[in-house]
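These notes are about the structure you will find just below.
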Amino acid sequence: MDTRDVPQDGGVIDPMQHSIYAVDEDGKFVAVRSVGWGVTNLLSIQAMEEFRSKIELKMEEVKQGRWSPLAVYLVVSGLSPASLSQVSGVSWLKVRLHLRPWFFRRMSAADARRYAEVFGIDPSRLREFPELPQIPREDKKEDQRTA
Amino acid sequence: MIFGIGGGLFFGYFPFIRVADLALVTYRSWPGTIFKNAVKRLGGQYKTVSYRRAEEAEAELDRIIAAGVPVGVRTGMYWLPYIAASQRVQFNAHHLVVFAKEGDEYLISDSVMPGVVRCDAKDVRRARFSPGAMAPRGRMYYPTLIPKDVDWASAILPAIRGVCDLMAGFPFPIIGVAGMRFLASRMVKWPQRMNQRRAMLQLGLMIRAQEEWGTGGAGFRYIYAAFLQEAGGILKKPALAEMSRDLTAIGDRWREFAVLASRICKERSEDATPYLGLSVALLEIAGRERQFYRNLREASL
Numbered sequence: 000m001d002t003r004d005v006p007q008d009g010g011v012i013d014p015m016q017h018s019i020y021a022v023d024e025d026g027k028f029v030a031v032r033s034v035g036w037g038v039t040n041l042l043s044i045q046a047m048e049e050f051r052s053k054i055e056l057k058m059e060e061v062k063q064g065r066w067s068p069l070a071v072y073l074v075v076s077g078l079s080p081a082s083l084s085q086v087s088g089v090s091w092l093k094v095r096l097h098l099r100p101w102f103f104r105r106m107s108a109a110d111a112r113r114y115a116e117v118f119g120i121d122p123s124r125l126r127e128f129p130e131l132p133q134i135p136r137e138d139k140k141e142d143q144r145t146a
Numbered sequence: 000m001i002f003g004i005g006g007g008l009f010f011g012y013f014p015f016i017r018v019a020d021l022a023l024v025t026y027r028s029w030p031g032t033i034f035k036n037a038v039k040r041l042g043g044q045y046k047t048v049s050y051r052r053a054e055e056a057e058a059e060l061d062r063i064i065a066a067g068v069p070v071g072v073r074t075g076m077y078w079l080p081y082i083a084a085s086q087r088v089q090f091n092a093h094h095l096v097v098f099a100k101e102g103d104e105y106l107i108s109d110s111v112m113p114g115v116v117r118c119d120a121k122d123v124r125r126a127r128f129s130p131g132a133m134a135p136r137g138r139m140y141y142p143t144l145i146p147k148d149v150d151w152a153s154a155i156l157p158a159i160r161g162v163c164d165l166m167a168g169f170p171f172p173i174i175g176v177a178g179m180r181f182l183a184s185r186m187v188k189w190p191q192r193m194n195q196r197r198a199m200l201q202l203g204l205m206i207r208a209q210e211e212w213g214t215g216g217a218g219f220r221y222i223y224a225a226f227l228q229e230a231g232g233i234l235k236k237p238a239l240a241e242m243s244r245d246l247t248a249i250g251d252r253w254r255e256f257a258v259l260a261s262r263i264c265k266e267r268s269e270d271a272t273p274y275l276g277l278s279v280a281l282l283e284i285a286g287r288e289r290q291f292y293r294n295l296r297e298a299s300l
C-alpha cells in the first residue's frame, strides 16, 4: 500500500490509532498513523450492535424476573461469575445467588460496594440497569465516499 | 526488525478457541513468542516475573523503572481507561511498555495509542490482575542484557527460515497455508451451518483480527515486508528486497479480501454465493503465500 492510500476514517476507534506500514514515493516502508478504515469501522459497529442486542435481551429477561440486574452488568463487562467473584472478593456461591432476584434484593451493603467498585459505579446504581453502550459513528467527511 | 527477527508472520484458524462464541482466526502467534525469539536470536537476555499480590507487583515495577529500565507489562485491556469503547473486550494478553512514573501516573508506550499515554496506577494495577482466561497475574518482563554487537545474519536468516517452515510446513491444517485452505473450505458452508447473522459476525471477526488488532495492515504482511526490505539492505541481499515487494502485493490482496468481506457484511444478503467468491479469493491468497514461502526460503539461504 502507498502512503497516500492510508485511510483516515475516524470516529470509531478514537482515541486509539492504527500504525500502518506503507510505501513512500521512493519505495521505502514507513509507519503511518491512521485514525481508522471505513471497512473495519463498519464491522466494529456491527459487532457493537450485536453486543448491544445481547445486553437488551438480558434486560428483557431481568424484567421478566428470571435474573437480577447483576446479570446485565456481567454481560456488559464480559466477566464470568467466577471472574467477578475473583475480582470483587465476593464468594463464588454468593455471586451466583445474587444473580437471582430473590437473593439480589437481600444483598448486603458491603457486597454491593464490592460489586460497584468493580464496575466503577455508585453502589446505589447497582439496582438499575447500566447504561447501554453507544454505537460509534464515523466522522462525517466533506466528500462522502462509499466503503 | 524486532518483529521479523522474532518470527512474527503467522496465520491460525482455531475453531476450538472461541471469541464471543465465534471461531478464532488470528494473524499473530502466541503472545510472548516474538519477544522471546527476538531477544534470544539477538544474543540478549531478559527476565519474566509474575506475582500473586498486586502491591508487590507494583512495588517491583516501580523499582525497575526508577532504575531507568523500561518494562513490558501484560494487561487485560478491558480495564485500561483509554481503550476505545468499540475495542473494549476481555482480552488478557495486551502488552504495553511502562517506562516512567510521575506521582500516581505511569507513563506508558502502547502500540494502539499515539505518543505517550498517562494512566493512573490504580487502573494499571487492575489491568495487571485482570481475571479470566489467560490471566496476566501481574506478569512483566524486562531486559537484563542488551548486546553491544549483533550478528545480523545469524539473527535474521534463521528467523526467516523458521517462518517459512511454519507457514508452509505445519502438519495440521490450522496454521499457515494449510490453515487458510481449511478455512476457505469451511467458509463456503458458513451461511448454512450458522444463520446468516452469525456468519456475518464470524466474517467480521476474521477481518477485524486482520486489520483492527494492531497488525500494521494486512495481517502483519506489511510489517514483515518492511522487515524484509530492511534486512535486505543490512545483509546486502537484494533477493530479500524483491521478496518484500512480493509480500506487499500479497498484503494488498488481503486488503482487497477485507473489502470484499465487508461488502458481504454490509449487504446482509441471504444468498450463500458471496461466501463462495470469498472462499475462492482466500484460496488464491493461500496459493500466493505458498509460492512466496518457497521463494523466501531459497532467498534466505
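Line by line, the protein sequences give chains A and B.
Just so we're aligned: 95 in numbering that gives the first Met the number 0 is position 96 of the first sequence, and the numbers increase by one with no gaps anywhere.
Just so we're aligned: 94 in numbering that gives the first Met the number 0 is position 95 of the second sequence, and the numbers increase by one with no gaps anywhere.
Note that CB positions come from ideal geometry on N, CA and C, so glycine has one too.
Source: prediction; values computed, not measured.
Going by CA-CA distance only, name the one from the options that's closest to residue i.
i: Gly218 of chain B; options: B:Phe13, B:Tyr26 and B:Phe15; result: B:Tyr26
i: Trp212 of chain B; options: A:Met15, A:Arg113, A:Ala108 and A:Trp101; result: A:Met15
i: Ser49 of chain B; options: B:Cys163, B:Met139 and B:Glu288; result: B:Met139
i: Lys53 of chain A; options: A:Pro135, A:Lys139 and A:Leu131; result: A:Leu131
i: Asp164 of chain B; options: B:Pro190, B:Gln86, B:Leu41 and B:Phe291; result: B:Phe291
i: Glu288 of chain B; options: B:Glu266, B:Met133 and B:Asp245; result: B:Asp245
i: Ser90 of chain A; options: A:Asp110, A:Ala115 and A:Arg126; result: A:Asp110
i: Arg124 of chain B; options: A:Ala21, A:Ala81, A:Leu125 and A:Val117; result: A:Val117
i: Arg126 of chain A; options: A:Gly9, A:Gly37 and A:Arg105; result: A:Arg105
i: Leu234 of chain B; options: B:Ala154, B:Ala177 and B:Pro14; result: B:Ala154
i: Thr2 of chain A; options: A:Leu92, A:Lys27 and A:Ser79; result: A:Lys27
i: Val111 of chain B; options: B:Gly276, B:Phe226 and B:Gly215; result: B:Gly215
i: Val176 of chain B; options: B:Gly43, B:Ala99 and B:Val162; result: B:Val162
i: Asp150 of chain B; options: B:Tyr12, B:Glu283, B:Gly114 and B:Ala230; result: B:Ala230
i: Arg252 of chain B; options: B:Cys264, B:Val70, B:Asp148 and B:Ala280; result: B:Ala280
i: Gln89 of chain B; options: B:Pro130, B:Ala99 and B:Gly67; result: B:Pro130
i: Pro129 of chain A; options: A:Ala81, A:Ser76 and A:Leu98; result: A:Ser76
Is residue i buried or exposed, if buried means 16 or more other CB atoms sit within 10 Å of its CB?
i: Asp20 of chain B; result: exposed
i: Phe171 of chain B; result: exposed
i: Thr47 of chain B; result: exposed
i: Gln133 of chain A; result: exposed
i: Met133 of chain B; result: exposed
i: Ser184 of chain B; result: exposed
i: Asn36 of chain B; result: buried
i: Trp101 of chain A; result: exposed
i: Lys57 of chain A; result: buried
i: Pro237 of chain B; result: exposed
i: Arg254 of chain B; result: buried
i: Gly203 of chain B; result: buried
i: Val38 of chain A; result: buried
For residue i, which residues in chain A fall below 8 Å Cβ to Cβ?
i: Arg254 of chain B; result: Met0
i: Tyr77 of chain B; result: Ser76 and Gly77
i: Val96 of chain B; result: Near Val96 of chain B there are no residues of chain A at all, since even the closest Cβ is about 14 Å away, more than 8 Å.
i: Glu54 of chain B; result: Correct list: empty, because the minimum Cβ distance to chain A is about 15 Å.
i: Ala257 of chain B; result: Val38 and Thr39
i: Val72 of chain B; result: Within 8 Å Cβ-Cβ: nothing; Val72 of chain B doesn't reach chain A, min ~18 Å.
i: Asp251 of chain B; result: Met0
i: Met199 of chain B; result: Gln45
i: Gln195 of chain B; result: Simply none; closest approach about 13 Å.
Using the beta-carbon of each residue, which ones in chain B are nearer than 9 Å to residue i?
i: Pro135 of chain A; result: Ala83, Ala84 and Ser85
i: Arg32 of chain A; result: Pro113
Going along chain B, which residues have a C-beta under 7 Å from residue i?
i: Val22 of chain A; result: Thr247
i: Leu42 of chain A; result: Gly203, Ile206, Arg207, Ser261 and Cys264
i: Leu132 of chain A; result: The residue you asked about is not Leu; residue 132 of chain A is Pro in the sequence shown. Near Pro132 of chain A (Cβ distances below 7 Å), the residues of chain B are Ala84.
On the DSSP bridge list, what partners appear for residue i?
i: Cys118 of chain B; result: B:Tyr105
i: Phe28 of chain A; result: A:Val22
i: Tyr141 of chain B; result: B:Lys46
i: Leu95 of chain B; result: B:Val72
i: Ser33 of chain A; result: A:His17
i: Arg17 of chain B; result: B:Ala22
i: Lys100 of chain B; result: B:Tyr105
i: Gln7 of chain A; result: A:Gly35
i: Asp1 of chain A; result: A:Val22
i: Gly11 of chain B; result: B:Thr25 and B:Ile174
In chain B, which residues lie with their C-beta within 8 Å of the C-beta of residue i?
i: Met47 of chain A; result: Ala84 and Ser85
i: Val94 of chain A; result: Result: empty, since nearest Cβ-Cβ is about 12 Å, beyond 8 Å.
i: Phe128 of chain A; result: Result: empty, since nearest Cβ-Cβ is about 17 Å, beyond 8 Å.
Find the residues of chain A that neighbour residue i, judging by a C-beta separation of less than 9 Å, and give them in chain order.
i: Pro130 of chain B; result: Leu78, Ser79, Ala81, Ser82, Leu83, Ser84, Gln85 and Val86
i: Glu297 of chain B; result: Here the premise fails: no neighbours, minimum Cβ distance about 22 Å.
Please list the partners that residue i has in chain A, where partner means a Cβ-to-Cβ separation under 7 Å.
i: Gly11 of chain B; result: Those do not exist, as Gly11 of chain B stays about 19 Å from chain A at its closest Cβ, beyond 7 Å.
i: Gly276 of chain B; result: Simply none; closest approach about 17 Å.
Original post:
Going along the region 2-20 of chain A in order, which residues come within less than 7 Å of chain B, judged by CB to CB distance?
Top reply: Val11, Ile12, Asp13, Pro14, Met15, Gln16, Ser18, Ile19 and Tyr20
Subject >> Proximal residues, the region 217-232 of chain B versus chain A, C-beta separation under 8 Å >> reply: Those residues of the region 217-232 of chain B that come within reach of chain A (Cβ to Cβ, closer than 8 Å) are Ala217, Tyr221, Ile222, Ala224, Ala225, Gln228 and Glu229.
**OP:** Could you list the residues in the region 111-127 of chain B with a C-beta less than 7 Å from some C-beta on chain A, going in chain order?
**Re:** Val111, Met112 and Pro113
**OP:** Note down, in chain order, all residues in the region 73-87 of chain A with a beta-carbon under 9 Å from any beta-carbon belonging to chain B.
**Re:** Ser76, Gly77, Leu78, Ser79, Ala81, Ser82, Leu83, Ser84, Gln85 and Val86
Original post:
For the region 97-124 of chain A, which residues have a beta carbon sitting closer than 8 Å to at least one beta carbon of chain B?
Top reply: none
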